[in-house]
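Taking this note's numbering, the leading residue of the sequence shown gets 21, the next gets one more, and so forth.
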Amino acid sequence: MDATLIAQFCYERKPPQWQPLPAAVRELQALVRRLESLLEMHQMEVNRLEAGVAALSVRESLSAHIAFLHEEIARTEKLIRNHIDQHPTLKEQRELLVSIPGIGETTAAKFLAEILDVKLYKSARQLAAFAGLVPKLHESGSSVKHKARLSKIGSPSLRKALYFPAIAAIKYNGTYTLDKPKPFCYSSSRS
Numbered sequence: 021m022d023a024t025l026i027a028q029f030c031y032e033r034k035p036p037q038w039q040p041l042p043a044a045v046r047e048l049q050a051l052v053r054r055l056e057s058l059l060e061m062h063q064m065e066v067n068r069l070e071a072g073v074a075a076l077s078v079r080e081s082l083s084a085h086i087a088f089l090h091e092e093i094a095r096t097e098k099l100i101r102n103h104i105d106q107h108p109t110l111k112e113q114r115e116l117l118v119s120i121p122g123i124g125e126t127t128a129a130k131f132l133a134e135i136l137d138v139k140l141y142k143s144a145r146q147l148a149a150f151a152g153l154v155p156k157l158h159e160s161g162s163s164v165k166h167k168a169r170l171s172k173i174g175s176p177s178l179r180k181a182l183y184f185p186a187i188a189a190i191k192y193n194g195t196y197t198l199d200k201p202k203p204f205c206y207s208s209s210r211s
């Protein structure tokens, strides 16, 4: 039944044929995801060391592993930069991305690895939907009055990569309306 339904869908809608990722993007994606793993491992080991391990041999082991991870992180970041530099399309796209205030080389690399190719998307809204950054309305029964939230359907890595640049943009852009710029303001309910 499922195969029949899929075949009928394809016959009626004629979706574009799937294309494998270019080798350059596959490699960049692997490097970026490796960097994320190394950064997570590094943070876990730092947390363990800061937790106050009593055994000297364990503290020494943690310190040695942290130093190793630090070297691997630096090596992987260099591999990512070199890889992008070797591919003119990726390099051009990185240069465009880093020209945006709040986007650095790390975020640009993550963005390029996750969106695959900006030309695959027909509009900015389609790319935003891929990243899970479009509003999801809650319209069910008595919950009609709830605020819209991010759909979070899409690439969690891409959302994570764009979080801090978005905060920087909010803080330093200041332009929220066409009338008058509003400065960034943080208010806390705690005193």
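Just so you know, even glycine gets a beta-carbon here, dropped at the ideal spot from N, CA and C.
On the DSSP bridge assignment, give the partners of residue i in chain order.
{"i": "proline 155", "result": "Leu170"}
Please classify residue i as buried or exposed, where buried requires at least 16 other C-beta atoms within 10 Å of its C-beta.
{"i": "phenylalanine 11", "result": "Nothing can be reported for residue 11, as the shown portion of the chain is limited to 21 through 211."}
{"i": "serine 207", "result": "With a pLDDT of only 39 at serine 207, under the threshold of 50, the placement of this residue in the model should not be trusted, and no figure is reported."}
{"i": "glycine 50", "result": "This sequence places alanine at residue 50; glycine is not what is there. It is exposed - the Cβ of alanine 50 has fewer than 16 other Cβ atoms within 10 Å."}
{"i": "threonine 127", "result": "buried"}
{"i": "isoleucine 104", "result": "buried"}
{"i": "leucine 48", "result": "buried"}
{"i": "leucine 25", "result": "exposed"}
Quick check: what's the CA-CA separation for residue i versus residue j?
{"i": "alanine 133", "j": "serine 81", "result": "33 angstroms"}
{"i": "proline 42", "j": "glycine 174", "result": "21 angstroms"}
{"i": "glutamate 65", "j": "isoleucine 93", "result": "14 angstroms"}
{"i": "histidine 107", "j": "glutamate 97", "result": "16 angstroms"}
{"i": "lysine 167", "j": "lysine 142", "result": "28 angstroms"}
{"i": "alanine 186", "j": "leucine 170", "result": "14 angstroms"}
{"i": "valine 52", "j": "alanine 129", "result": "7 angstroms"}
{"i": "glutamate 32", "j": "leucine 157", "result": "29 angstroms"}
{"i": "proline 40", "j": "leucine 140", "result": "12 angstroms"}
{"i": "glutamine 28", "j": "lysine 34", "result": "10 angstroms"}
{"i": "cysteine 30", "j": "phenylalanine 150", "result": "21 angstroms"}
{"i": "serine 177", "j": "glutamine 63", "result": "17 angstroms"}
{"i": "asparagine 67", "j": "arginine 54", "result": "20 angstroms"}
{"i": "alanine 188", "j": "glycine 122", "result": "6 angstroms"}
{"i": "proline 36", "j": "leucine 136", "result": "16 angstroms"}
{"i": "phenylalanine 184", "j": "serine 83", "result": "29 angstroms"}
{"i": "arginine 145", "j": "tryptophan 38", "result": "21 angstroms"}
{"i": "leucine 99", "j": "lysine 172", "result": "30 angstroms"}
{"i": "arginine 179", "j": "leucine 153", "result": "7 angstroms"}
{"i": "aspartate 22", "j": "alanine 148", "result": "30 angstroms"}
{"i": "histidine 85", "j": "serine 77", "result": "12 angstroms"}
{"i": "aspartate 199", "j": "arginine 46", "result": "Reliability fails at aspartate 199, whose pLDDT of 44 lies under 50, so the model's placement of it is uncertain and no value is given."}
Ends of the alpha helix (DSSP H) at residue i?
{"i": "isoleucine 100", "result": "76-106"}
{"i": "leucine 132", "result": "125-135"}
{"i": "valine 52", "result": "43-70"}
{"i": "glutamine 28", "result": "22-33"}
So, does the CB of residue i fall closer than 9 angstroms to a CB anywhere in chain C?
{"i": "lysine 167", "result": "Of the protein chains in the structure, only one exists, and it is not chain C."}
Within the chosen definition, does the segment 44-58 reach the segment 80-95 through at least 3 CB pairs nearer than 8 angstroms?
-> yes
Does the segment 66-82 touch the segment 111-125, meaning 3 or more C-beta pairs lie closer than 8 angstroms?
-> no
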